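In UniProt numbering, the protein residues as written are 1 to 321. Idealized CB from N, CA, C, for every residue including glycine. It should be emphasised that the depicted structure is a prediction, and the values quoted were computed from it without experimental measurement. Only one structure is covered here, and it is reproduced in the block below.
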Amino acid sequence: MLHKTITILGQNIEPGKSYELNFDVAKLHTATSIDVPIIVERSKKPGPTVLLTAGIHGDELNGIEIVRQLIAKGINKPKCGTVICIPIINIFGFINLSREFPDGRDLNRVFPGLKQGSLASRVAYKLTNEILNQADFVLDFHTGGAGRFNAPQVRIAKNSSRLDTLAKTFGAPFVLYSKNLKKSFRETAYKAGIATLLFEGGKSHHIDTNVTNTGVNGAKRVLHSLGMLQSKFTVSAPKQKSVFVMASKWQRASYSGMFKATVSTGTRVKKETILGHITDPYGKFNHFVRAESSGYIINVNESPLVYQGDALFHITTRVKN
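Following this line, the structure appears as structure tokens:
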């Protein structure tokens, strides 16, 4: 295998070198430049190019913390091939702890972007055409939003034996088959033939140790399977076998009120199991939320106040044996 030439943001990346590139996103109203650091590590030995990304939504801190740890511990320095790390893609959202770009758009809904489009669209275009196009494989780290806590999970498209194998290697507690959302980063990578695992865990505005440990260990396992992890790092087996989820559904609130869940993510429940309760502030009403079906709890709404129709629990309805 020969080393192919890699060019990122106009910079030729030489074998055996380390680079920190600046992705010039835009300027503030004060004319101050906003740059997104991109950390590139390339081995002298040829191998795959792996892209590790996080922070497409600026309030998803678990993903950002995972990539930070991979860099801080030197896990991103490959035995062969190249590792590209972008810990925070949406730097504007990170500064404001917001999902959106300053133009009000969700970056993960404007890919592959337009060269002369909106601010978010321009960033998506540059990321697609100057960084993503160099990758052979992508690990994209996310966090649950809107106060809903996701069990650590990998999301992949159906009908791909390679993605099945990579997801199993990653070793998250759950693997969800989910469609690639239109104009998402994952859909753009998929159309380009770049295998992508999307990891999601925890909730926005919080950093959860179990979630971040799962993400770091999963990345190590994948890099090890690709022959890229340096021998000084140990690779532990997952604590449990991944559950491949074929179908799932949201259970929603029948009433508005104060909400308290009594089960945690990852729990397997039977139909009619009490999952939590909804009360009113005056002590006159107490509604027990019971499981509408048997399955694993893969998301719990941790908001203390809910309205009728709000999603409370995400429950698996069919898993692969």
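Please list the terminal residues of the continuous alpha helix (DSSP H) segment that includes Ala120. Taken as a continuous stretch (DSSP letters only), the alpha helix (DSSP H) holding Ala120 covers 119 to 130.
- Item | C-alpha distance - Gly113 paired with Arg122, whole-angstrom precision | Their backbone Cα atoms lie some 6 Å apart in a straight line.
| query | Could you give the distance in angstroms between the alpha-carbon of Leu51 and the alpha-carbon of Leu132? | reply | 7 Å
On a Cα-Cα basis, can you pick out the residue from Phe149, Lys73, Ser254, Gly193 that is closest to residue 323? Residue 323 is absent from the structure shown; the chain starts at 1 and stops at 321.
Quiz item: What is the rounded straight-line gap between the Cα of Ser225 and the Cα of Val263?
Solution: 35 Å
Original post:
Between which two residues does the beta strand (DSSP E) containing Phe199 stretch?
Top reply: 195 to 203
Between Cys85 and Ile34, is the Cβ-Cβ spacing less than 8 Å? No, these two residues do not count as a Cβ contact at 8 Å.
Measuring CB to CB, does Gly257 end up less than 8 Å from Phe233? Against a cut-off of 8 Å, the Cβ pair of Phe233 and Gly257 comes out as no contact.
Next on the checklist: Taking the alpha carbon of Ala54 as the reference point, which residue from Gln230, Pro87, His205, Val245 has its own alpha carbon closest?
Outcome noted: Ala54 has its Cα closest to that of Pro87, out of Gln230, Pro87, His205, Val245.
Query - For Phe313, the residue or residues it bridges with in DSSP - result: Its beta-bridge partners are Gln251, Val300.
Looking at C-beta atoms only, is the number of pairs between the region 15 to 24 and the region 134 to 152 that lie closer than 8 Å three or more? no
### Coil, strand or helix - Tyr307 by DSSP
coil
- Whole-angstrom distance between Thr273 and Leu70, CA atom to CA atom: Rounded to the nearest whole angstrom, the C-alpha separation of Leu70 and Thr273 is 39 Å.
- Which residue from Lys4, Lys44, Ala26, Thr188 puts its Cα closest to that of Met228? Lys44
Report the partner residues of Glu20 according to the DSSP bridge assignment. Ile39
- prompt: Helix or strand or just coil, what does DSSP make of Ala54?
  reply: strand
For Gly104, tell me which candidate among Thr7, Ser118, Ile95, Phe94 has the shortest Cα-Cα distance. Ser118
- Give the straight-line distance between the Cα atoms of Phe149 and Leu28, rounded to the nearest whole angstrom. Distance from the CA of Phe149 to the CA of Leu28, rounded to the nearest whole angstrom, comes to 33 Å.
By Cβ distance, which residues of its chain are closer than 6 Å to Val83, with the 5 residues on each side in sequence left out?
-> Glu41, Val50, Asn76
- Using beta-carbon positions only, say whether Lys158 and Tyr177 come within less than 8 Å of one another. yes
Looking at Gly147 and Ser98, is the spacing between their C-beta atoms short of 8 Å? no
Do the CB positions of Gly144 and Asn22 come within less than 8 Å of each other?
-> no
- Could you work out which residue in Glu20, Tyr296, Phe199 is closest to Glu65 when comparing CA atoms only? Its Cα nearest to that of Glu65, the residue Phe199 stands out among Glu20, Tyr296, Phe199.
I think Leu152 touches Val211, with their Cβ atoms under 8 Å apart; what is that distance to the nearest whole Å? According to the sequence as given, residue 152 is Pro; it is not Leu. Contact holds; Cβ gap of about 5 Å.
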